[in-house]
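Residue numbers for the sequence shown follow our numbering, beginning at 5 and rising by one. Here a beta-carbon is modelled for each residue, glycine too, at the ideal position from N, C-alpha and C. This structure is a prediction, so every number in the text was calculated from the model and none was measured. Notes follow the structure.
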Amino acid sequence: MTNILFAEMRQETASFNPYPTVYEMFQQSHGQQLLEKYQGTKTEISGFMDVMATRPAMKLVPTMSAASVSGGAIPTDDLNRLIGDLTASIEKAAAETEIDAVYMCLHGAMAGETEDDPEGRLLEAVRAIVGDVPLVASIDLHAILTDRMLELIDIVIPFHTYPHVDQYETGQRAAHCLLKLIDSEASPEMVTVKVPLLVRGDELITETGKFGEAIRMCQAIEASETGLAAGVNIGNAFTDVPELRTNILVTRNGERETALREARQIAEFMWSHRELFKAELISVEASIEVARSTDGLTVFSDAADATASGASGDSNEILKALVQSDFEGPCLVPVVDQQAVSMAVDAGEGARVSVTLGGTLDPGRFTPLALEVEVLRIYDGHFTYENGLPGFGGRVVILRHENIDVLVVERSLFFVGQQVFSSHGCNPADYQIVVVKSPNGFRPYYDSIAAAICAVDVIGSTSANLRSLPFKNVARPIFPLDEVTFEV
Numbered sequence: 005m006t007n008i009l010f011a012e013m014r015q016e017t018a019s020f021n022p023y024p025t026v027y028e029m030f031q032q033s034h035g036q037q038l039l040e041k042y043q044g045t046k047t048e049i050s051g052f053m054d055v056m057a058t059r060p061a062m063k064l065v066p067t068m069s070a071a072s073v074s075g076g077a078i079p080t081d082d083l084n085r086l087i088g089d090l091t092a093s094i095e096k097a098a099a100e101t102e103i104d105a106v107y108m109c110l111h112g113a114m115a116g117e118t119e120d121d122p123e124g125r126l127l128e129a130v131r132a133i134v135g136d137v138p139l140v141a142s143i144d145l146h147a148i149l150t151d152r153m154l155e156l157i158d159i160v161i162p163f164h165t166y167p168h169v170d171q172y173e174t175g176q177r178a179a180h181c182l183l184k185l186i187d188s189e190a191s192p193e194m195v196t197v198k199v200p201l202l203v204r205g206d207e208l209i210t211e212t213g214k215f216g217e218a219i220r221m222c223q224a225i226e227a228s229e230t231g232l233a234a235g236v237n238i239g240n241a242f243t244d245v246p247e248l249r250t251n252i253l254v255t256r257n258g259e260r261e262t263a264l265r266e267a268r269q270i271a272e273f274m275w276s277h278r279e280l281f282k283a284e285l286i287s288v289e290a291s292i293e294v295a296r297s298t299d300g301l302t303v304f305s306d307a308a309d310a311t312a313s314g315a316s317g318d319s320n321e322i323l324k325a326l327v328q329s330d331f332e333g334p335c336l337v338p339v340v341d342q343q344a345v346s347m348a349v350d351a352g353e354g355a356r357v358s359v360t361l362g363g364t365l366d367p368g369r370f371t372p373l374a375l376e377v378e379v380l381r382i383y384d385g386h387f388t389y390e391n392g393l394p395g396f397g398g399r400v401v402i403l404r405h406e407n408i409d410v411l412v413v414e415r416s417l418f419f420v421g422q423q424v425f426s427s428h429g430c431n432p433a434d435y436q437i438v439v440v441k442s443p444n445g446f447r448p449y450y451d452s453i454a455a456a457i458c459a460v461d462v463i464g465s466t467s468a469n470l471r472s473l474p475f476k477n478v479a480r481p482i483f484p485l486d487e488v489t490f491e492v
């Protein structure tokens, strides 16, 4: 039998979100729980497991999964504890079973308050335990590929879609790459080209935008005889660390010069189209007018407070504008506010209560909004996302202020798909305005029902207006923060 150890560590950090991601926010699974949790889901680990199931000689050795919703930087003690737990789990498995290969499921854009490269640190610990065995890692398209990570991984397999819909397929690709290493069918030559580029905007949508052309170049490389993996990792623009940038990654079986030439070609493509990779935002007032003149649902993208990108989720900027406007159509707005949930739960369903909403996690940006509301419904907060994984935002309440329903949660969730709303009695199709806290990830779930989409220009820790953010650590110069001369 060939023993394949695997583990997961996932979180996407927004450095400008002042609310930290603490240890308790990481949902953990151990040993056999991983197999049970991910079986039948649309995730990397599920795809990996399904491919390995076709090879009876491969035995999976699950260790530990730690995954959190995106958020602020991880405090030092919390990160030390988290990586310590993962390392201990891997050490225990390696002590009990001789490990022949490793699969790591990573996001790639984590950051601690005093650690710029948590993934690299974990990978160092893994290598110290398992030694020089084949090791592959799947990563998010927004991963920040550090030099340390690249030295420790044999093949890196990144997502190929934005919005991300290929997690399962990415896990399959990772499995096939690892099998080639196990079967001694590949001698990977992995090259990168570092591009001083931060990107935003609709041209990143891989199905329709210019970025998709770069990804299709990568897919053509993978489909070729010696191609193993290729991708364009654009980084999470809100993870303010020194190695934040765009990385072009090409891995071939041998043929290093070919891989380098291809990576340079893709880098030149991205750089030559850099002016396209900016978000076009419109004011909240103009967005309301779009909804007023639109027959059907208008989706407001609050990318500046995108919990999917690591923001706090307590922005009430759009909510304030809706309250102050004369718009009368039904609206649905999410917000993270633990105190408001507690007050509503204490009052009970059907009660009318005075609450303040928002501004509790990022008070430097948002001021609490006082409202008179009716408590429509109260939930325990457990539901299932579209990909089959469980979601939990603490207790959830639905509050109504005139024509506006507010979904209030105690802790951050991914306000991206429809399930987070419909699981709590709010069908997005029944509203004229629905606010999502996501720059583009919501589109696969709303394109079929939305008559219009507005990228709303409001403040927040994940604003697409990158020059509005207080970068301190990213290597400068970098586009679009600076004027940059770059030659591939």
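Tell me where the beta strand (DSSP E) around Ala-141 begins and ends.
-> 139-143
In its own chain, which residues sit with a C-beta less than 7 Å from the C-beta of Gly-368, not counting the 5 before and 5 after it?
-> Pro-22
Backbone CA spacing between Val-327 and Gly-397 [nearest angstrom] | 25 Å
Grab the span of the beta strand (DSSP E) containing Ala-355 for me, first residue to last.
-> That residue, Ala-355, is in no beta strand (DSSP E); it is neither H nor E in DSSP.
Option in Gln-423, Leu-403 and Phe-10 with minimal Cα separation from Val-130 | Phe-10
Where Pro-448 falls: helix, strand or coil (DSSP) | helix
Ser-358 versus Val-345: straight-line alpha-carbon distance, rounded | 12 Å
Residue ranges of each alpha helix (DSSP H) run of no fewer than 4 residues wholly in the segment 383-431, ordered along the chain?
-> 423-426
Classify Lys-41 as buried or exposed, calling it buried when 16 or more other Cβ atoms lie within 10 Å of its own Cβ.
-> buried
Name the DSSP beta bridge partners of Arg-345, please?
-> Here residue 345 turns out to be Val, not Arg, going by the sequence shown. Its beta-bridge partners do not exist; DSSP assigns none.
Report yes if the CB atom of Thr-150 is closer than 8 Å to the CB atom of Ile-78, and no otherwise.
-> no
Going straight from the alpha carbon of Phe-475 to that of Gly-216, what length do you get?
-> 28 Å
Distance between Ile-148 and Ala-295 (C-alpha atoms, nearest Å) = 37 Å
Enumerate, from N- to C-terminal direction, the unbroken alpha helix (DSSP H) stretches of 4 or more residues contained entirely within the segment 107-182.
-> 122-134 and 151-156
Which residues bound the beta strand (DSSP E) around Gly-235?
-> 231-237
Residues in its own chain within less than 7 Å of Gly-300 by CB, not counting five upstream and five downstream?
-> Ala-455
Note down the Cα distance separating Pro-448 from Thr-212, rounded to an integer number of angstroms.
-> 13 Å
Beta-carbon proximity list for Ile-133, same chain, < 7 Å, skipping 5 on both sides = Ile-94, Glu-95 and Ala-98
Are the CB atoms of Ala-283 and Gly-395 nearer to each other than 8 Å?
-> no
Secondary structure at Arg-480, three-state DSSP: helix, strand or coil?
-> coil
Taking Val-197 as the reference, which of Glu-226, Phe-331 and Arg-249 has the closest Cα?
-> Arg-249
With burial defined as no fewer than 16 other Cβ atoms inside 10 Å of the residue's Cβ, what is the status of Glu-207: buried or exposed?
-> buried
Option nearest Cys-458 by Cα separation, candidates Glu-272, Ser-287 and Leu-470 | Ser-287
Measuring CB to CB, does Lys-441 end up less than 8 Å from Asp-306?
-> yes
Using the C-alpha atoms, what's the distance from His-386 back to Trp-275?
-> 44 Å
In chain order, which alpha helix (DSSP H) runs of at least 4 residues are fully inside the segment 208-281?
-> 214-227 and 260-276
Just reading off the alpha helix (DSSP H) that Arg-296 is part of, what are its end residues?
-> 288-296
Indicate the three-state DSSP secondary structure (helix, strand or coil) for Lys-46 in the structure shown.
-> coil
Val-26, DSSP secondary structure in three states | coil
Look at the alpha carbon of Leu-336 and the alpha carbon of Ser-191, and state the distance between them as a whole number of angstroms.
-> 53 Å
Validate contact between the segment 459-475 and the segment 228-237 using beta carbons, cut 8 Å, 3 pairs | no
Integer Cβ distance of Asp-318 from Gly-258, believed to fall under 8 Å | Actually they do not touch by this definition, with Cβ atoms about 52 Å apart.
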